[in-house]
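Engineer:
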Amino acid sequence: MDLTRTLDHILLLAGTSEARQLAKSIAQRFAAVRLTVSFAGVVKDLPDLGVPTRVGGFGGVDGLVSYLQEEGVDLIIDATHPFAAQMSRHAVDAAGQTDTHLIRLERPIWHEVDGDTWQHVASTTAAAEALPEKSRAFLSVGRKEIDKFTNRDDCFALVRMIEPPERPLPDHWHLVLERPSKSVDAERHLLKHHKITHLVTKNSGGASSYAKIEAARQLEVPLLMIKRPALPDANTAASTAEVLKFIEQFVDCRD
Ligand code: NAP
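Numbering (the working numbering), first residue to last: 9 to 263.
1) Between Lys235 and Ala130, how many whole angstroms is the CB-CB distance? I'm expecting something under 8 Å.
2) How about Val1 and Leu199: do their beta carbons lie closer than 7 Å?
3) Which parts of the region 206–244 are runs of the alpha helix (DSSP H), unbroken and 4 residues or longer, counting only runs that do not cross its ends?
4) The ligand NAP and Ala48: does the residue's C-beta get closer than 6 Å to at least one heavy atom of that ligand?
5) Output needed for Thr108: all residues of its chain with C-beta closer than 8 Å, excluding positions within five of it in sequence on either side, in chain order.
6) In three-state DSSP terms, what is Ser148?
7) In three-state DSSP terms, what is Asp101?
8) Cβ of Met169 within 6 Å of any heavy atom in the ligand NAP?
9) Nearest-angstrom Cα distance between Leu20 and Thr133?
10) If we ignore side chains and look at the alpha-carbon of each, how far apart do Val208 and Leu110 end up?
11) Please report how far the alpha carbon of Ala93 lies from the alpha carbon of Asp86, in whole angstroms.
12) Below 8 Å, how does it come out for the region 179–198 and the region 206–222: are there three or more Cβ pairs, yes or no?
13) Can you have a look at Pro90 and say buried or exposed, based on whether 16 or more other CB atoms are within 10 angstroms of its CB?
14) Okay, do the region 53–60 and the region 117–126 touch, 3+ Cβ pairs below 8 Å being the bar?
15) According to DSSP, Ile18 sits in a beta bridge with which residue or residues?
16) Between the beta-carbon of Glu256 and the beta-carbon of Leu113, is there less than 7 Å?
17) Measuring only from the beta carbon, is Pro105 closer than 6 Å to any heavy atom that is part of the ligand NAP?
18) Rounded to whole angstroms, what is the Cα-Cα separation between Lys142 and Gly123?
19) Tell me where the beta strand (DSSP E) around Arg112 begins and ends.
20) Please find out if some non-hydrogen atom of the ligand NAP comes closer than 6 Å to the beta-carbon of Lys253.
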């Protein structure tokens with residue numbers, strides 16, 4: 009089989025479990041295409057995906073434009089976290105300036121189901137303001153967002169994040185340095201143990217951090233659900249399979 013490629017170099021913007029799956033699938037299925045995986049470098053413990061990887065910001069839109077031109081990138085796959093909005097906006101801008109193809113993987117948002125009590129809030133700032141006085145909150149937000157809550161030291165907070173916060177938290181708060189658990193039992197235990205009255209979370213979507221939402225439902229703990237930031241129009245895919253299908257259109261298979 010003769011593969012005539014019109015794709016030379018794919019840049020995969022990573023930071024999610026879907027990006028890790030895509031890196032492996034692309035390397036297997038499109039072995040003749042150069043693939044570079046890019047991480048922000050926020051998390052120190054990066055996975056070894058067995059493909060060429062770069063770490064750290066590009067230096068804004070201009071830096072990304074230079075990278076795309078110098079490295080001959082034909083396609084950007086934006087598989088960053090739904091709240092990594094700056095990176096996604098830069099990708100759209102830089103792709104437009106350089107005529108580079110772009111597809112953004114947007115995992116579906118979580119929806120309220122029977123038994124949930126959700127209050128939708130527009131931002132982390134709005135979530136911090138909406139927390140009732142003296143509540144006991146489980147703040148399942150990133151280290152970049154936690155500062156928005158520290159003026160609410162009338163409340164107790166259980167804080168879970170992967171890397172430690174940049175600034176100290178109020179003394180009476182409890183910090184857990186862990187990834188979200190996939191076990192509903194473990195999440196229920198955590199909520200019960202800390203007598204949590206409110207769960208605060210970003211609407212990240214996906215299965216890997218959904219257990220806490222199910223645990224909150226079982227314990228009738230209300231949620232403050234932070235809406236996703238708006239992103240500019242782009243080609244989008246709802247799953248890794250759709251991204252792989254998108255790549256196929258560039259690969260002309262002839263017998
Ligand atoms: P961001 O605000 O969109 O990005 C900030 C800057 O980080 C970007 O402008 C870019 O720097 C660099 N950057 C981000 N992703 C990159 C990538 N894949 N490769 C190279 N550079 C990258 O996103 P964030 O600050 O990382 O996170 C914002 C929110 O997303 C937080 O809520 C965080 O918890 C969540 N999140 C992000 C990631 C992630 O991998 N980014 C993973 C999980 C959760 P330059 O402008 O210099 O290019």
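Built from N, CA and C at the ideal position, the CB exists for glycine as well.
Structural biologist: Taking the structure as given:
1) 6 Å
2) In the structure as shown, the chain starts at 9 and stops at 263, and residue 1 therefore has no counterpart that could be examined.
3) 219–227
4) yes
5) Leu76, Val81, Asp82, Leu83, Ile84, Ala102
6) strand
7) helix
8) no
9) Whole-angstrom Cα-Cα distance: 31 Å.
10) 32 Å
11) Asp86 has its alpha-carbon roughly 11 Å from the corresponding atom of Ala93.
12) yes
13) buried
14) no
15) Leu43, Leu83
16) no
17) As written in the sequence, residue 105 is Gln, which differs from the Pro given in the question. No - the ligand NAP has no heavy atom lying nearer than 6 Å to the Cβ of Gln105.
18) 24 Å
19) 109–113
20) no
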